[in-house]
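Peer 1:
Chains as they are written, first to last, in my numbering: chain A, 3 to 397; chain B, 3 to 397.
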């Protein structure tokens with residue numbers, strides 16, 4: 003959907019002649035009161051559910067959650083997936099032309115915040131004729147948008163579902179974002195954010211950024227379970243494969259000679275892949291660097307850094323959330339060390355202190371922050387029950 | 003000390019005509035039984051204690067622990083600090099000339115392991131006429147060397163002090179090392195590890211590596227306490243300083259306008275420093291990139307990755323530690339998520355199953371992995387008591 007009028011941004015800048023890409027699933031009912039807006043996190047888009055015709059691998063990023071008969075049942079709800087401003091999956095972003103200059107935005111794309119995204123989403127809903135959402139939902143950064151909706155447009159949201167999120171980033175969260183940004187910005191191919199016109203991409207920086215991100219999305223437990231200290235590619239035991247170099251089996255002559263066949267040989271290299279986890283991370287980094295925009299990475303991580311609704315209230319989250327009128331479901335995951343359960347509990351506490359209706363589920367799951375995207379019977383069950391209760395209240 | 007004979011390495015390679023830089027503190031007694039060897043971690047050296055004449059800021063890295071009247075009392079013990087092979091603080095490393103080729107080693111410096119370092123340290127002790135150590139001690143990677151001493155030379159170690167260490171790296175530990183290495187190796191100024199001859203240094207990569215490392219050395223708690231979400235440089239409240247751009251104080255007209263003077267203005271930039279933690283990390287990265295060698299970074303992180311004494315025993319740490327004859331003190335820190343207390347407890351358990359004498363202290367300290375370098379009354383007290391008991395047994 004194209005928007006002519008300028009959207010004022012929190013920074014004081016504005017953006018005009020922008021487009022928002024979105025998808026919808028299910029039918030808007032006659033009362034126009036069954037709409038559910040789904041907000042995405044860093045590396046996702048408007049394509050939240052289903053597959054495109056003839057593209058088997060085009061599954062939406064929350065397809066396990068949203069669809070006919072699924073926890074967010076599109077037989078009952080009209081679901082809207084939207085790609086945010088500044089992203090690189092269809093909506094206006096740094097790779098598009100600035101109408102004020104006729105040049106590609108690049109690093110000149112204005113800094114956008116969670117609040118700006120919510121404002122843009124509200125304009126889209128205006129155009130769709132949706133006055134009030136049955137629910138707004140999201141995980142991680144998407145959860146921040148859901149929370150912000152209840153503060154910016156309290157009368158337009160009946161329910162907010164905030165998954166694996168936080169009321170702001172901790173210093174450590176910001177630190178990880180900053181290292182990723184520095185890797186991108188100091189890549190010689192970044193060219194100050196105007197790499198498009200040089201015909202290059204700062205792939206080195208994007209790879210590093212993604213590798214760092216991936217570590218923070220997983221738990222130590224699940225990494226040990228999936229990869230542990232396994233070597234890559236799996237090598238044969240020394241007795242069956244190539245002979246290891248002399249001395250490679252440990253300094254302890256007796257026992258290690260005895261145990262030798264159990265331990266495959268190290269390659270002894272600082273630059274080659276030795277462990278499975280290295281291979282996995284390099285692969286994730288390579289893939290990401292092929293399709294993700296470097297300026298988008300900067301913008302979205304900065305939106306994360308800036309989000310802090312309590313900031314204008316001297317850090318008092320309870321006062322900050324006083325404006326919220328929605329009912330809430332919050333979900334967190336026990337091994338999520340990026341947005342730990344304690345961060346969700348801060349939101350729950352502040353809502354309860356404002357006497358808001360809030361349900362909270364802390365799911366014991368091993369997958370770290372990524373758990374919000376994965377199947378887990380208890381997690382899916384909680385969301386399903388919550389949306390069933392929304393449906394019943396409407397019926 | 004210069005060594006002519008080749009040192010065989012675990013990789014099957016060897017290194018000849020190498021030098022080890024070391025310092026000693028206190029006096030070796032007539033019985034030659036009061037020597038304490040101190041092993042260093044990634045970013046440290048032989049200079050463990052004291053200051054160089056006329057250099058006020060040249061304090062040794064474990065000066066709070068080692069010196070006259072300190073927990074490791076140099077009035078009683080003869081302390082030896084040694085710089086490891088492949089490091090960049092004096093001992094033979096990648097920046098030195100390979101006697102076989104007449105060219106600077108660079109990336110061709112052989113991969114060295116914890117076991118190789120211990121072998122090299124043992125040769126130094128041979129030259130110093132020290133048959134048996136009163137104790138070997140170290141923190142982090144230094145603790146791995148102390149543990150390895152008890153396995154490689156069980157008869158030469160009476161006590162091992164292993165602080166904030168682990169029996170091997172977890173997948174997550176390896177992952178952080180790998181991202182740091184990729185940042186260095188993919189820096190165009192790395193030149194395949196032969197940057198010396200190009201007259202450049204891969205500073206970009208080293209900066210990123212150090213920033214990642216720093217995050218893992220600190221706890222989330224101490225980062226929040228030291229930096230939190232503070233802006234940098236501290237900005238005046240909007241009412242006293244420059245006016246923020248329009249709209250910068252939040253989307254909520256009423257309350258945020260009211261609260262405006264409390265919240266300093268964001269700059270809304272993706273590349274400039276906005277938060278204190280960013281400034282801190284950039285500074286750490288810049289400093290490090292001025293003095294640390296990139297090839298050394300690769301070598302030392304790889305030595306960490308490879309260390310795994312249980313590997314030759316099908317992962318059975320109890321069997322792996324059966325050779326140890328020393329008495330042990332292990333110390334861990336509650337908020338250390340890099341080498342968490344659980345990793346030290348694995349060592350304790352394996353030693354106890356071998357009926358070895360082991361003392362273990364888990365210190366409740368907020369500083370994360372860095373705690374092993376910092377003053378903490380209980381930590382210092384535990385080490386002091388342990389060394390006093392060593393001294394009494396000798397007296």
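Virtual Cβ for every residue (Gly too), placed ideally from N, Cα, C. Fair warning: this is a prediction, and the values are worked out from it, not measured in the lab.
Quick check on the burial criterion: 16 or more other C-beta atoms within 10 angstroms. Buried or exposed for residue 293 (chain A)?
Peer 2: As a working mapping, residue 293 (chain A) is identified with position 291 in the first chain. Looking at its Cβ environment, which holds fewer than 16 other Cβ atoms inside 10 Å, residue 293 (chain A) is exposed.
Peer 1: Report the residue ranges of all alpha helix (DSSP H) runs contained in full by the segment 319-351 of chain B; include only those spanning at least 4 residues, in chain order.
Peer 2: Segments of the alpha helix (DSSP H) lying fully in the segment 319-351 of chain B: 319-322.
Peer 1: Could you work out which residues of chain B lie near residue 188 (chain A), taking near to mean beta carbons separated by less than 8 Å?
Peer 2: Position 186 of the first chain, counting from 1, holds the residue named residue 188 (chain A). Simply 206, 209 and 210.
Peer 1: Mapping the DSSP letters down to three states, classify residue 26 (chain B) as helix, strand or coil.
Peer 2: Translated into the one-based positions of the second chain, residue 26 (chain B) becomes position 24. Residue 26 (chain B): strand per DSSP, three-state reduction.
Peer 1: Touching or not, the segment 328-341 of chain A and the segment 291-309 of chain B, by the rule of three or more beta carbon pairs under 8 Å?
Peer 2: These segments do not touch.
Peer 1: For my contact list, residue 114 (chain A) and residue 87 (chain A) are in at a C-beta cut-off of 8 Å; report their separation, rounded to the angstrom.
Peer 2: Here residue 114 (chain A) corresponds to residue number 112 of the first chain, with the count starting at 1. Here residue 87 (chain A) corresponds to residue number 85 of the first chain, with the count starting at 1. Confirmed, about 5 Å.
Peer 1: In chain B, which residues lie less than 8 Å from residue 407 (chain A) when you measure between Cβ atoms?
Peer 2: For chain A, the structure presents residues 3 to 397; residue 407 (chain A) sits outside this window and is missing.
Peer 1: May I have the straight-line CA-CA distance separating residue 199 (chain A) from residue 193 (chain A), to the nearest angstrom?
Peer 2: As a working note, residue 199 (chain A) is residue 197 in the first chain. As a working note, residue 193 (chain A) is residue 191 in the first chain. Using only the alpha carbons, I get a separation of about 9 Å.
Peer 1: When DSSP labels each residue in this structure, what does residue 132 (chain B) get in the three-state scheme?
Peer 2: The count along the second chain starts at 1 and reaches residue 132 (chain B) at position 130. Three-state DSSP puts residue 132 (chain B) in coil, outside helix and strand.
Peer 1: Check whether the segment 47-57 of chain A and the segment 31-39 of chain A are in contact - that is, three or more C-beta pairs closer than 8 Å.
Peer 2: The segment 47-57 of chain A vs the segment 31-39 of chain A: no contact.
Peer 1: On a Cα-Cα basis, can you pick out the residue from A:346, A:323 and A:366 that is closest to residue 332 (chain A)?
Peer 2: Here residue 332 (chain A) corresponds to residue number 330 of the first chain, with the count starting at 1. With distances taken between Cα atoms, residue 332 (chain A) lies closest to A:346.
Peer 1: Check the Cβ of residue 230 (chain B) against every Cβ in chain A and list those closer than 7 Å, keeping chain order.
Peer 2: The residue given as residue 230 (chain B) occupies position 228 in the second chain. In chain order: 173.
Peer 1: In the DSSP assignment, what are the bridge partners of residue 290 (chain B)?
Peer 2: Reading the second chain from its first residue, position 288 is the one you call residue 290 (chain B). Answer is none; residue 290 (chain B) lacks a bridge partner.
Peer 1: Between which residues of its own chain and residue 154 (chain A) is the CB-CB distance below 8 Å, once the five residues before and five after are set aside?
Peer 2: Within the first chain, numbered from 1, the residue matching residue 154 (chain A) stands at position 152. Answer for residue 154 (chain A): 117, 120, 121 and 124, listed in chain order.
Peer 1: What are the boundary residues of the beta strand (DSSP E) that includes residue 202 (chain B)?
Peer 2: The residue given as residue 202 (chain B) occupies position 200 in the second chain. Looking at the DSSP string, residue 202 (chain B) is not in any beta strand (DSSP E), and its letter there is neither H nor E.
Peer 1: Is residue 26 (chain B) near residue 85 (chain B), with beta carbons less than 7 Å apart?
Peer 2: Here residue 26 (chain B) corresponds to residue number 24 of the second chain, with the count starting at 1. Here residue 85 (chain B) corresponds to residue number 83 of the second chain, with the count starting at 1. No, Cβ-Cβ distance for residue 26 (chain B) and residue 85 (chain B) is not below 7 Å.
Peer 1: As a quick exercise: from A:104, A:74 and A:166, pick the residue whose alpha carbon is nearest that of residue 19 (chain A).
Peer 2: In the first chain, residue 19 (chain A) corresponds to position 17, counting from 1. When each option's Cα is compared against that of residue 19 (chain A), the closest is A:104.
Peer 1: Could you list which residues in chain B have their beta carbon closer than 7 Å to that of residue 271 (chain A), in chain order?
Peer 2: Position 269 of the first chain, counted from the first residue, corresponds to residue 271 (chain A). Those within 7 Å of residue 271 (chain A) in chain B are 113.
Peer 1: Note down, in chain order, each residue of its chain lying with its Cβ closer than 6 Å to the Cβ of residue 189 (chain A), except the 5 sequence neighbours on either side.
Peer 2: As a first step, residue 189 (chain A) is located in the first chain; it is residue number 187 there, counting from the start. 204, 206 and 207, listed in sequence order.
Peer 1: Given this structure, state the Cα-to-Cα distance separating residue 358 (chain A) from residue 150 (chain A), to the nearest angstrom.
Peer 2: The residue you call residue 358 (chain A) lines up with position 356 of the first chain. The residue you call residue 150 (chain A) lines up with position 148 of the first chain. Residue 358 (chain A) and residue 150 (chain A): Cα-Cα distance of roughly 15 Å.
Peer 1: Quick one: grab the DSSP three-state call for residue 225 (chain B).
Peer 2: For this step, residue 225 (chain B) is matched to residue 223 along the second chain. The answer is helix: DSSP assigns residue 225 (chain B) an H, G or I state.
Peer 1: Please classify residue 54 (chain A): does DSSP put it in a helix, a strand, or coil?
Peer 2: Looking up residue 54 (chain A) in the first chain gives position 52. If DSSP states are grouped into helix, strand and coil, residue 54 (chain A) belongs with coil.
Peer 1: Give me, in chain order, the residues of the same chain whose beta-carbon lies closer than 8 Å to that of residue 99 (chain A); leave out the 5 immediate sequence neighbours on both sides.
Peer 2: In the first chain, residue 99 (chain A) corresponds to position 97, counting from 1. Closer than 8 Å at Cβ, skipping near neighbours: 105, 106 and 107.
Peer 1: Any C-beta of chain B sitting closer than 7 Å to the C-beta of residue 280 (chain A)?
Peer 2: Locating residue 280 (chain A) in the first chain gives position 278, counting from the first residue. So yes, residue 280 (chain A) belongs to the interface.
Peer 1: Using a threshold of 7 Å, state whether the C-beta atoms of residue 374 (chain A) and residue 141 (chain A) are closer than that.
Peer 2: For this step, residue 374 (chain A) is matched to residue 372 along the first chain. For this step, residue 141 (chain A) is matched to residue 139 along the first chain. Contact: yes.
Peer 1: Using a Cβ-Cβ cut-off of 7 Å, state whether residue 372 (chain B) counts as contacting chain A.
Peer 2: In the second chain, residue 372 (chain B) corresponds to position 370, counting from 1. Residue 372 (chain B) does not count as touching chain A.
Peer 1: Alpha helix (DSSP H) containing residue 181 (chain A): first to last residue?
Peer 2: Residue mapping note: residue 181 (chain A) aligns to position 179 of the first chain, counting from 1. Run containing residue 181 (chain A): 173-187, per the alpha helix (DSSP H) assignment.
Peer 1: Suppose you measure from the CA of residue 28 (chain B) to the CA of residue 47 (chain B); what does that come to, to the nearest Å?
Peer 2: Residue mapping note: residue 28 (chain B) aligns to position 26 of the second chain, counting from 1. Residue mapping note: residue 47 (chain B) aligns to position 45 of the second chain, counting from 1. Roughly 18 Å between the two C-alpha positions.
Peer 1: For the alpha helix (DSSP H) containing residue 395 (chain B), name the first residue and the last one.
Peer 2: Here residue 395 (chain B) is taken as the residue at index 393 of the second chain, counted from 1. Residue 395 (chain B) -> alpha helix (DSSP H) spans 379-396.
Peer 1: For a contact defined as C-beta to C-beta under 9 Å, what are the partners of residue 300 (chain A) on chain B?
Peer 2: Position 298 of the first chain, counted from the first residue, corresponds to residue 300 (chain A). What residue 300 (chain A) touches in chain B: 272 and 273.
Peer 1: How long is the line joining the alpha carbons of residue 182 (chain B) and residue 50 (chain A), rounded to whole angstroms?
Peer 2: Position 180 of the second chain, counted from the first residue, corresponds to residue 182 (chain B). Position 48 of the first chain, counted from the first residue, corresponds to residue 50 (chain A). Looking at the two C-alpha atoms, the distance is approximately 33 Å.
Peer 1: Round the Cβ separation of residue 152 (chain A) and residue 166 (chain A) to the nearest angstrom and send it over; I've been treating them as touching at under 8 Å.
Peer 2: The sequence position of residue 152 (chain A) within the first chain is 150, counting from 1. The sequence position of residue 166 (chain A) within the first chain is 164, counting from 1. The Cβ separation is near 17 Å, so there is no contact.
Peer 1: Just the C-alpha distance for residue 172 (chain A) and residue 66 (chain B), rounded to the nearest angstrom, thanks.
Peer 2: As a working mapping, residue 172 (chain A) is identified with position 170 in the first chain. As a working mapping, residue 66 (chain B) is identified with position 64 in the second chain. Whole-angstrom Cα-Cα distance: 31 Å.
Peer 1: Would DSSP call residue 146 (chain A) helix, strand or coil?
Peer 2: Your numbering for residue 146 (chain A) matches position 144 in the first chain. In the structure shown, residue 146 (chain A) sits in a helix (DSSP, three-state: H, G or I).
Peer 1: Which residue from B:228, B:179, B:215 and B:321 puts its Cα closest to that of residue 283 (chain A)?
Peer 2: By 1-based counting over the first chain, the position of residue 283 (chain A) is 281. The option with the nearest alpha carbon to residue 283 (chain A) is B:179.
Peer 1: List the residues of chain A whose Cβ lies closer than 9 Å to the Cβ of residue 5 (chain B), in chain order.
Peer 2: The count along the second chain starts at 1 and reaches residue 5 (chain B) at position 3. Chain A residues near residue 5 (chain B): none, gap ~18 Å exceeds 9 Å.
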